[in-house]
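A.B. asks:
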Amino acid sequence: MTITYPYAITALEQANFQRAVSYLDIKSLPEIWPRTAQQFGSVVALFAPHLKPAVSITYREMFGQIGAFAAGLQALGIQPRTPVAMFADNSPRWFIADQGTMTSGAFNAVRSSQAELQELLSILDNSGSQTLIVEDLKTLDKLRNSLTDREIHNIILLSDEVVPAASANILNFQELIALGQQHTFQPPDLEPSDLATLIYTSGTSGNPKGVMLTHANLLHQIAAAATVIQPKPGDRVLSILPSWHSYERTCEYYLLSQGCTQTYTNIRSLKADLREHKPQYMVAVPRLWESIYEGAQKQFREQPANKQKLVNFFFDISQKYITAKRVCQGLDIDSLRDSFTSRQMQSSANLGANLQRIFLAPWHYLGEKLVYSKVRAATGGQIQHVISGGGALPKHIDNFFEIIGVSILVGYGLTETAPITNVRRPWRNLRPTSGLPLPGTEIKIVDLETRVTLPAGNKGLVLIRGPQIMQGYYRNPEATAQAIDPEGWFNSGDLGYLTPQGDLTITGRAKDTIVLSNGENIEPQSIEDACLFSPYIDQIMLVGQDQKSIGALIAPNLEALVNWGETQVEPWVEGNLQDPRLEPLLRGELTRLVKDRPGYRSDDRIAVFCYVMEPFSVENGMLTQSLKLRRHVVMERYQDMIIEMFA
């Protein structure tokens, strides 16, 4: 596989890429694991402290279990290049089953066991799977009545639960492993172009489609990831995102290929696990960083008034410090975006920024000693880099973590791109972009209507071409043709622009754009991100298609409102959203935050808003598993409220 560089690659990145390029000389993803078993044999690969009992698997043991699982599938008659459905969640056994399936030569169709029944059945039917791997008997019971009229030959549990005696075609995990250990494994002759997995899109705006990712797609991601971070064997990784999701999954493949130790956590245990396991790397979505930020803000608010003033003083100083530092490092987005700035003006700006940086540095380092190091301790205190994807990282969150010394590298991509196309580098952490493209990846911005390529700095539709682009949508040639043009350019559906140096900034979704009655287009994402800076707003979604102005559905932060109420003459009664004092409080927050964002226009003003008392969540269907807003679901749920809002 030949990899080209669409930008001026540094010597460091070239060296890192060459270090991992050996994974491009193999044909399929499972060929990595015998190498890791040989290189990192006794290093712990997978650690699940919250299972009972806790599970710890070395690289040598992991390779052995993957091989036994694969041989067990072959003993059941599963043939190469055939689909296997897997409905299960994060655990070491998920990884064993995933790689065991690929090692057998088959490809899997994956989804969470917690997904709706109809969605799971749709995946089962679309994939044509006759073998089904499920989390446990509870998952199987959910599906059982619907399987009688489907041709399912084999069912495998990832648990050790006792299978009902009458169920001849059902094996639990240990039974399959034992079967595989008695069977002679036959290595399949796979090609890079063979399917590795089907990942079904999360359905933010319609029915999910099966994204066909090949071994070549995934191997490119593993090799290219070495240009971003370079972990060492035994480095600690904390895993919280769904393993079946393309973002977490690809990062897991890379980190495990480098000999890291992956520890599984969950939302309930995250804070304790950060402190106990002290991860050096972590992959997560913006909502996780927001929750850590909110936790820190809550602790600040609980301090005496004089300490709160001191904390605010240091953060204000440090905000000026990091801004000046960015200018000095050539990482100020406004300077890079403004092609009309003369060299003389830039030189003058750099001189002023350098003087400011030198002046503020002692105060920043004092803040580090008194405040930031204590905040950073909540993350374990040893994080080298975290990768954030699956959505835009709000500016204030980005700034906060830069101030406290936690390096967040924001990336961009879609399930259809395996998924990473762009990511900020440690040596070029240009905020608020999504960074430079990975090696071999081309990005171009085109006019939404004419498809004419636009120059740097101009906003338009983001098109992508590269080795990570999916083979297509499974059994859906019409959708594939709509997504990928004859020249291989994939239509991301996202709006954005490029800096002159090639960094990508995403500004919104083309199909999420709200068109007002005056013809003005509103991209909700950046406005929503700005509003989330308010301590009184937990979640927000803009609405207003075909209206004179935009409105908002707001899930308020009740705890923050209680704290606010304590400062009033008459305390706020929790849950009383009819209190007339709330409307001016929230309106003031919305007005201030929207006006303060870069590029503010009068049409961005939020004219009306309503409260929603049920937060958007995965459980109620208003967020995807990767915590993205399912806007069409929210619109349907609150249709009457939206109509009344604009009446």
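Each residue of the sequence shown is one higher than the last, beginning at 15 in our numbering.
Beta carbons: idealized from backbone N, C-alpha and C, even for Gly.
#1: Quick one, which of Q188, S141 and Q132 has its alpha-carbon nearest D150's?
#2: Report the three-state DSSP secondary structure of Y625 (helix, strand or coil).
#3: Quick check on this structure: which residue in N443, G404 and N436 has the alpha carbon closest to the alpha carbon of F415?
#4: Assign V58 to one of three DSSP states: helix, strand, or coil.
#5: Among all the DSSP beta bridges, which residues are the ones paired with D508?
#6: Which residue wins for smallest C-alpha separation from D560, given the options T264, R95 and D617?
#7: Using three-state DSSP, classify Y19 as helix, strand or coil.
#8: Using C-beta distances below 8 Å, list every residue in its chain close to M226, excluding the 5 sequence neighbours before and after it, in chain order.
#9: Taking 8 Å as the cut-off, does the region 65 to 73 touch the region 96 to 103 (at least 3 CB pairs, one atom from each stretch)?
#10: Mind checking F61: buried by the 16 CB within 10 Å criterion, or exposed?
#11: Can you grab the Cα-Cα spacing for the pair A391 / R289, in whole Å?
#12: Measuring CB to CB, does A569 end up less than 7 Å from L556?
#13: Can you tell which of L270, Q313 and D526 has the C-alpha that lies nearest to the C-alpha of M296?
#14: Measuring straight from C-alpha to C-alpha, what distance separates T393 and A495?
#15: Tell me, which residues are paired with Y426 by DSSP?
#16: Going by DSSP in three states, L607 sits in which element: helix, strand or coil?
#17: Using only the alpha-carbon positions, how far apart do A524 and E262 sit?
#18: Give a yes or no on contact between the region 114 to 131 and the region 77 to 92, applying the rule of three or more CB pairs nearer than 8 Å.
#19: Is V325 closer than 7 Å to V385 when the C-beta atoms are compared?
#20: Given a threshold of 16 other Cβ atoms within 10 Å of its Cβ, counted over all protein chains shown, does A367 qualify as buried or as exposed?
#21: Less than 7 Å between the C-beta atoms of Q294 and Q398, yes or no?
#22: Taking buried to mean at least 16 other C-beta atoms within 10 Å of its own C-beta, is G613 buried or exposed?
#23: Does the pairing of the region 125 to 134 with the region 53 to 60 give three or more beta-carbon distances under 8 Å?
#24: Do the region 644 to 654 and the region 585 to 599 touch if we need at least three Cβ pairs shorter than 8 Å?
#25: Cutting at 6 Å between CB atoms, please list the residues of its own chain near K292, excluding the five before and the five after it.
#26: Determine the direct distance from the alpha carbon of E175 to that of L87, and round the result to whole angstroms.
#27: Since R439 contacts S448 with CB under 8 Å, what's their CB separation in whole angstroms?
#28: What does a CB cutoff of less than 8 Å around P256 pick up in its chain, not counting 5 residues either side in sequence?
#29: Can you list, in chain order, the residues of its chain with a C-beta nearer than 7 Å to that of G522? Leave out the 5 residues immediately preceding and following it.
#30: Would you tell me roughly how many angstroms separate the C-alpha atoms of P106 and T455, rounded to the nearest one?
#31: Name the two residues that bound the continuous alpha helix (DSSP H) containing A85.
#32: Which residue wins for smallest C-alpha separation from D543, given the options P481, G91, E304 and Y268?
#33: Report the CB separation of R74 from A51 in whole angstroms; it is logged as a contact under 8 Å.
#34: Name the residue from L172, D499 and N140 whose alpha carbon lies nearest to the alpha carbon of E165.
#35: For the region 83 to 145, list the alpha helix (DSSP H) runs that are entirely contained and at least 4 residues long, ordered along the chain.
#36: Please return the same chain residues whose Cβ sits closer than 6 Å to the Cβ of T145, not counting the five positions on each side in sequence.
C.D. replies: According to the structure data:
#1: Q188
#2: strand
#3: N443
#4: strand
#5: R523
#6: D617
#7: Confidence is the limiting factor: at Y19 the pLDDT is only 47, short of 50, which leaves the residue's position unreliable and the question unanswerable from this model.
#8: L209, L212, M484, Q485, G486, Y487 and Y488
#9: no
#10: buried
#11: 7 Å
#12: no
#13: L270
#14: 44 Å
#15: N436
#16: helix
#17: 25 Å
#18: yes
#19: yes
#20: buried
#21: yes
#22: exposed
#23: no
#24: no
#25: G394 and Q396
#26: 19 Å
#27: About 11 Å; that fails the 8 Å criterion.
#28: D103, N104, S126, E262, Q639 and S640
#29: L509, E537, P538, Q539 and S540
#30: 32 Å
#31: Y73 to A89
#32: E304
#33: 5 Å
#34: N140
#35: 106 to 117 and 131 to 141
#36: I92, V98 and N168
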